[in-house]
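The next block holds one structure in the form of structure tokens; read it before the comments.
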Amino acid sequence: MKEEADELESLMRRYQQSDREAASRLVESLSAQVFRFFLAQVRDRSRAEDLLQDFWLRVHHARRTYRAGEPVLPWIYAIARRTQIDDFRRRTRVSRHEWQSETLPETAASAADQDDSPALDDLLKPLPASQREVLILLKVNGLSLEETARATGTSVGAVKQKAHRAYNTLRKVLGGS
Amino acid sequence: MPNERDDMRLGAFDSIQLEMPDADHLASIAAQMQSSLRPVRPFPSRPAVVALSFLLFAVFAVAAAMPFGYGGFHRFQAVQRMLDYGVVAVLALLFSISLDQQIVPGSKARMSPSTAILTSLAALCAVTLLLFPQVAMRDFVARGVPCLRLGLIVSAVGGVVGWVFARKGYATSPARAGAVLGSFAGLAGVAVLALHCAIQNGPHVLLWHLGTYVIAAVTGALIGLRRRFLRTKTHP
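Which chain is which? The protein sequence lines are B and Y, in order.
Every letter in the first sequence is one number past the one before it in the working numbering, and letter 169, counting from 1, is 169.
Numbers in the working numbering are just positions in the second sequence, counted from 1, shifted up by 1000.
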């Protein structure tokens, strides 16, 4: 785990110094987990791939803000989170506009229908966005509490509280099913 | 951490672990990044950013008050100077730390922006109540409006300076970053008024001087909501 973190840090430093191979290796080693972060939230493969592309573009533009010695994953997920929020807002604006122009907006349900793993969808549906996000970072992406707190810009206590509430909600949902 | 990991049926999370992005898509992303790659200077360390923004604040406040005179400074007694300017300096340090947290993704959250903003307002109110007499004042509005105007002009200029500084980072929450930046700029307005204004009256300072701070904080948050204002400068 520590070696992996050191390796990522070294790749980030080399990427800042315009090492082409480091850029390529970063994309290889981080894309899968960031893709899962997006996929767990949007439940649409092609949309998750679009988000991944937008995310890397942002990483590329913001790469100087990474500080050597700091953990890479919270930096990465803070940007991924921003990418997802901006996309959500943009889509909300667009669908509102489409609704006004009497065109049927793309709904979350239609995206979910395309997916072949509704169990996760059902599991996450009753949770508020902030709790869902914390649960995905902890369970899907395997971040620690500290890393999740940094990525979401909150304290470890707040992350624990959100996770705890999410578990309580899920326990009720699963208990009732 | 509660032991939910074991007692919940969270097997659903495992299904997504098999999902992988398309390899060609990744190759095209990597190629796109490589084509516009050039060296960047890494962001300075946290203490350096905090020291720089604090220094910028101090120089800006002193320089901005210069054309209007240091009437307030000369009128203050030693204890008042120490307390009033001391509190402003501590709050400037607090906002320097908070601003660094807002413009560097993945920073450790030491204090939430709302806590920093409200704590600062409470501290400014407390020091005002402690230092200045709470008596009625003649021409309250006529003498107050020029102070508010000066404070807002200084805050606006300070906000632009701060915005140029903040754009070197990457605000992951533009609304929060905007509120912190606005409050920091408002504090610069309060500092300039504390140096310039010789009126030692509690209600005057509370309404017209601290009004600058409140208006600047709200304006900053509203501008931050217009996210593009705080989007990072590109480094292709």
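Every residue, glycine too, gets a C-beta built ideally from N, C-alpha and C.
Item                                                                                                                                                          : Value
Buried or exposed: G1159/Y, going by 16 or more other Cβ atoms within 10 Å of its Cβ?                                                                         : buried
Pick helix, strand or coil for T1172/Y, following the three-state DSSP scheme.                                                                                : coil
What's the C-alpha gap between E1019/Y and A32/B?                                                                                                             : 8 Å
Helix, strand or coil: which one does DSSP assign to R1046/Y?                                                                                                 : helix
Could you please give the first and the last residue of the uninterrupted alpha helix (DSSP H) stretch that includes R25/B?                                   : R20 to V42
May I ask which residues mark the beginning and end of the alpha helix (DSSP H) holding T148/B?                                                               : L145 to T152
Could you give the first and the last residue of the continuous alpha helix (DSSP H) run that contains A68/B?                                                 : Premise fails: A68/B is in no alpha helix (DSSP H) and is neither H nor E.
Measuring only between beta-carbons, confirm whether A111/B sits less than 8 Å from chain Y.                                                                  : Confidence is the limiting factor: at A111/B the pLDDT is only 42, short of 50, which leaves the residue's position unreliable and the question unanswerable from this model.
In angstroms, rounded to a whole number, what distance separates the CA positions of R165/B and L1121/Y?                                                      : 32 Å
Closer than 8 Å between beta carbons: that is the criterion. Which residues of the segment 1041-1057 of chain Y meet it against chain B?                      : R1041, P1042, F1043, S1045 and R1046
Let me confirm a value: R1176/Y is counted as buried when at least 16 other C-beta atoms fall within 10 Å, else exposed. Which label applies?                 : buried
Give the single residue among R20/B, P71/B and Q41/B whose Cα lies nearest to the Cα of A1030/Y.                                                              : R20/B
Does L8/B get closer than 8 Å to chain Y when you measure Cβ to Cβ?                                                                                           : no
Leaving out five residues on either side along the sequence, give the residues of the same chain with a beta carbon under 6 Å from the beta carbon of A108/B. : A caution first: A108/B carries a pLDDT of 44, below 50, which makes its placement in the model too unreliable to give a value.
What residues of chain Y sit near F35/B, judged by a beta carbon separation below 8 Å?                                                                        : E1019, M1020 and P1021
Report the neighbours of S1107/Y on chain B: residues whose CB is nearer than 7 Å to its CB, in chain order.                                                  : R150
Closer than 9 Å by beta-carbon distance: list the chain B residues that pair up with G1178/Y, in chain order.                                                 : Those within 9 Å of G1178/Y in chain B number zero; the least Cβ separation is about 14 Å.
Express the C-alpha separation of A1126/Y and L135/B in angstroms, rounding to a whole number.                                                                : 41 Å
So R1226/Y contacts chain D; which residues on that side make the cut at Cβ distance below 7 Å?                                                               : The structure shown contains no chain D; its protein chains are B and Y.
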